[in-house]
Every structure is written in C-alpha cells, then in structure tokens.
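First residue of the sequence shown: 98, per the working numbering; consecutive thereafter.
Below: the structure, in structure tokens.
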Amino acid sequence: MITLVKGFHDILPDETRKWAFMMSTARESLERFGFREIIPPIMEKTELFQRGIGEVTDIVEKEMYTFEDRGGESLSLRPEATAGVLRAVVEHSLLRKDPLLKLYCIGPMFRRERPSKGRYRQFFQVNAEILGDDSPYTDAEAVAAAYSIMTDIGATGLMMEINSVGCPNCRAEYRKLLQTFFKDRTKDLCSDCRRRLEANPMRILDCKVPECAHMVKDAPLVTDSLDEPCREHFREVREALEILEIPNRLEPRMVRGLDYYTRTAFEIVHEELGRSKAVGGGGRYDNLLKDLGGPDASGIGFAIGLERLSMGIPDDHPRFRRRIDVYVALLGQGAGPMGLTVVNMLRSNGISVETRYSPMSLKAQMKLADKIGARKVIMIGDDELARREVTIRDMRTKDQTTVGIDGIVKLLQGDES
Ligand code: HAM
98 MITLVKGFHD ILPDETRKWA FMMSTARESL ERFGFREIIP PIMEKTELFQ RGIGEVTDIV
158 EKEMYTFEDR GGESLSLRPE ATAGVLRAVV EHSLLRKDPL LKLYCIGPMF RRERPSKGRY
218 RQFFQVNAEI LGDDSPYTDA EAVAAAYSIM TDIGATGLMM EINSVGCPNC RAEYRKLLQT
278 FFKDRTKDLC SDCRRRLEAN PMRILDCKVP ECAHMVKDAP LVTDSLDEPC REHFREVREA
338 LEILEIPNRL EPRMVRGLDY YTRTAFEIVH EELGRSKAVG GGGRYDNLLK DLGGPDASGI
398 GFAIGLERLS MGIPDDHPRF RRRIDVYVAL LGQGAGPMGL TVVNMLRSNG ISVETRYSPM
458 SLKAQMKLAD KIGARKVIMI GDDELARREV TIRDMRTKDQ TTVGIDGIVK LLQGDES
C-alpha cells in the first residue's frame, strides 16, 4: 500500500461537512467586513518568500518545499499566503483601482515542520489582508474580523493576544539591546541562534529549543523600545479593541515568526493548545508592499489555521450530519426502470436522493436509509409497479402514504413548506 506523505492528511467524507461549514462561515464573516476573495496559486518563485518572509526565519531556512523545476527555476510551495497575495496586488496594480483593498483567500499551505497534534506539513488557512490604511482602527478591524470568524463558527476557549513589535526605527535600538543581552550568554544558545545573533536577533525570541526559550524569558521586551509614534499607535489599537469589546491580553513577549511585521502583532490562542500552536496569527506590515516592488502602502492581515480551529468543533454536531431527503427502495427485479424515472425526476426537482440498484432486502435498505439520515423512503415493489404508484414512508412518524408517480414531487415539496 502506498500511504500518505508524512505530515499530510486526508479530510475524509465524515469531516467534509464541517470543513465546508468553516469555510463558508469564514467567507460570510469576511464579506460582511468588506473583504473580497482572491485565489493566488499555491506555488511561487522561491525568491518571493525569501524576500517577503525573511531569509533568516525558520520558515524560509528550514521548512519550505523548494525544488528546481525542469527549466532550472527555483520554486516553492507556499508556506503562507501573504507574500503571494501581495505579489498579485503589485503585479496587477490592484491598489490603483482600489486604494483600500481588503482581500481574503482560503487554501492549503505547506511547511516541512515536525508533525504533531495540530501541526501538519500541509494545512489550510483562511487568510485576510487589508491594504492601504495605516489607521490604528484598521488594526482593530483586522482583529475584529478574525474574532468574528471564530465566534460565527462557534469556537470557544479562545483569547486574543496582542503586542507591538515597533517599526524599523524602534527595532534598530531593540536589536542592539538583544545582541548585548545574548552576547553574554552565547555559549548557551543553540547553533542556529548563534547565527541569528548577528543576522536577525529577534528570531532568537521564537526559537523552540528549550535552553533558548528559557533564556528568552529574561530578554529585553520590544514594547520597552517603542518610539513615540509606535507607542501612540498601539495605545489607540488597544483603545479601539476596548470599544469593540474584543477580549484581548497584552503579550509583550510575542514577536511572531515572520520578518515582515511592524507595529501590531496578534495571535489567537486556545487554552489547551497554547501559543506554540496558535489557532491564528497576524499583524501589520507597513514595508512589505514596497519591499516586493509595490507602492509605499501599509497593510495588516491575519491567518487562521483550519485544522486547529476544527479541533474545537465537534465532528458529530447535528448540523454536520449527512442529510438526504429521500431514499428510494427498489424491491424486486422489475422496479429498476420505474426507480430510475423516480430518482431522476426527484433530483431534477432539487430533492436529494440516494438509492441502490443492486438487489437488497427491504430490511437492509431501511437500515441504510436510516444511516444516511433520509427523511423519507419511497418504496417501489411489484404492487406499486402495477399501479404506477409509490409508497412513501416518513422515517420520523412512520406514517405511510401511497401516491401516483405524478404526485410525488408535489407531495414531497408540500412537506418541505
Ligand atoms: P502564521 O502564524 O505563521 O501566520 O500562521 C497562521 C496560522 O496558521 C497559525 O496560527 C496556525 O493556526 C496555522 N498554522 C501554521 N503552521 C501550521 C502547521 N504546521 N500546521 C497546522 N497549522 C498551522 C501566517 O501565516 C501569516 N501569513 C499570517 C498573516 C497574514 N499575517 C499577515 N497577514
């Protein structure tokens, strides 16, 4: 047997209704906030992610599925959606048509991380971006959109953690403070962090090696290095969140693992999963569009991981149950042609129908009808055939009615209303 690629997963038929529900609810919530869908490809030039996410990040250094295609070009499966969405915005000059652009996309991302509960190598994100507005209220609106998806889906036990990671101006000073702090402790840092110390010291703060994580607890806080405009921006974001009554908690140690963030950063954490497996995360990125060759416009966005979100929603919720309007039970050899006619007629009238064409006992068919959640069973046996009638059984009340072929649709549709 050839099995799945490690860290990848199938979404099986019993789970797909829940997935469809999560995706359609997310779409509805985002469209209420004025977002429109964009569908970028799942593969981009590797350079896009190197430039967008940052060369010295775990994602780019260790986790991308990168390969050379037959033409010798380096391509990567997208590890996240923001870089690709912004590439499309720049390439199609979308901000020229729409100076305030709100876009979302839903689809699979790929990161070669160590698989564990809630951590996969292919996972789905609902990703949203707001481009062209640097007001702190826009930050609050991005957080509100993420929160609204969660509440519309009915997820519980979630908390918004929020921080400001400042701008390049604040970070020049913060970088020096971090280097001074870790230089005295270099020998205890992992080899990756020793390299990061020169190249990108902020990335030490999200190192997963326990010794490094332990040291980080005493490291200087980015919030203490914020300049006045960043401090004021953050104050207003928090004020707006109060007005919107979105439960949130300041988390001064959260810096996020991607290099493009400036100012507001946030994560949505679940009590059980904790921050190392956040359900969602996002933040502002005021230089990314320009860095990718676009206009000098700001942006903020977030992504929610659907595998993690789905963990908080029971699979057997009644709304995810399979629902078939009618099961057609064919009893006896001669029932086939009339059965086909009835099945076809019902389906073309918008009624969902399931049936079995190979012979089965009535008892087995009733069991099957029950299992698939059919509300009605239409029985076609020899008597019915002779009279061109069918018997309809209501699976809930157990009442049975007999009706001529031409009256079936009307009777079933009458029942609906
Ligand atoms: P991120 O924090 O890297 O942000 O990912 C967002 C969410 O994707 C995580 O909170 C988690 O739910 C899910 N996720 C990430 N990695 C995995 C994994 N290996 N397995 C399962 N789920 C995972 C971003 O991707 C940014 N692009 C978000 C953003 C959009 N920032 C601004 N705009």
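Heads up, the beta-carbon is just placed ideally off N, CA and C, and yes, glycines get one too.
Residues in its own chain within less than 8 Å of residue i by CB, not counting five upstream and five downstream?
i, result
"R353", "V262, D303, A362, E364, G378, G380"
"C267", "V319, S322, L323, D324, C327"
"G254", "H367, E368, E369, G409"
"R209", "G104, K159, E160, M161, Y162, R218"
"F279", "L286, C290, L294, P298, I301, M312, A316"
State buried or exposed for residue i, treating a residue as buried only when at least 16 other CB atoms are found within 10 Å of its CB.
i, result
"I505", "buried"
"T519", "This structure cannot settle anything about residue 519, because the visible part of the chain is limited to 98 through 514."
"G149", "buried"
"R300", "buried"
"E258", "buried"
"Y382", "buried"
"P137", "buried"
"H311", "exposed"
"A432", "buried"
"I469", "exposed"
"E481", "buried"
"D155", "buried"
"R444", "exposed"
"F164", "exposed"
"Q430", "exposed"
"S407", "buried"
"Q510", "exposed"
"K115", "buried"
"S190", "exposed"
"A178", "buried"
CB residue i to CB residue j, shorter than 8 Å?
i, j, result
"M119", "I227", "no"
"E199", "F132", "For the sequence presented, residue 199 should be read as Lys rather than Glu. Cβ distance < 8 Å, so K199 and F132 count as in contact."
"V319", "Y357", "no"
"S245", "S121", "no"
"V334", "P196", "no"
"R472", "M442", "no"
"G391", "L183", "yes"
"I135", "A243", "no"
"N260", "G398", "no"
"A180", "F146", "yes"
"F331", "R360", "yes"
"L389", "Q222", "no"
Please report the Cβ distance between residue i and residue j, rounded to the nearest whole angstrom; I am assuming they are in contact, meaning their Cβ atoms lie under 8 Å.
i, j, result
"A316", "V153", "With a Cβ gap of about 17 Å, A316 and V153 do not count as contacting."
"V423", "I448", "6 Å"
"L347", "G215", "Not really, about 25 Å apart at Cβ, beyond 8 Å."
"V240", "L338", "6 Å"
"P205", "K103", "Going by Cβ atoms, the distance from P205 to K103 rounds to 16 Å, so no, they are not a contact pair."
"E170", "K142", "7 Å"
"L286", "C264", "The pair is not a contact, with the Cβ atoms about 27 Å apart (cut-off 8 Å)."
Please go through the same chain and pick out, in chain order, the residues whose beta-carbon is closer than 6 Å to the beta-carbon of residue i, but skip the five residues on each side of it.
i, result
"R490", "V474, Q497"
"D230", "L197"
By Cβ distance, which residues of its chain are closer than 7 Å to residue i, with the 5 residues on each side in sequence left out?
i, result
"I99", "none"
"F207", "Y162, L174, R175, P176, R218, Q219"
"Q276", "L294, P298"
"V500", "E486, V487, I489, L508"
"L428", "L459, M476, I477, G478"
"K374", "G215, R216, R405"
"A237", "V334, A337, L338, L341"
"T452", "Y424, V425, L427, G436, V440"
"I139", "L174, R175, G204, P205"
"V157", "F146, Q147, I150, G151"
"M256", "P344, R346, V366"
So, does the CB of residue i fall closer than 8 Å to a CB anywhere in chain E?
i, result
"I139", "Absent here is chain E; the protein component of the structure consists of one chain."
Any beta strand (DSSP E) of 3 or more consecutive residues that is wholly inside the region 359-417: 361-367, 377-381, 396-402
Those runs of the alpha helix (DSSP H) which lie wholly inside the region 435-512 and span at least 4 residues: 459-468, 479-484
Ordered list of alpha helix (DSSP H) runs contained in the region 252-295, each at least 4 residues: 265-280
In chain order, which continuous runs of the alpha helix (DSSP H) of length 4 or greater are located wholly inside the region 158-211? 179-188, 191-194
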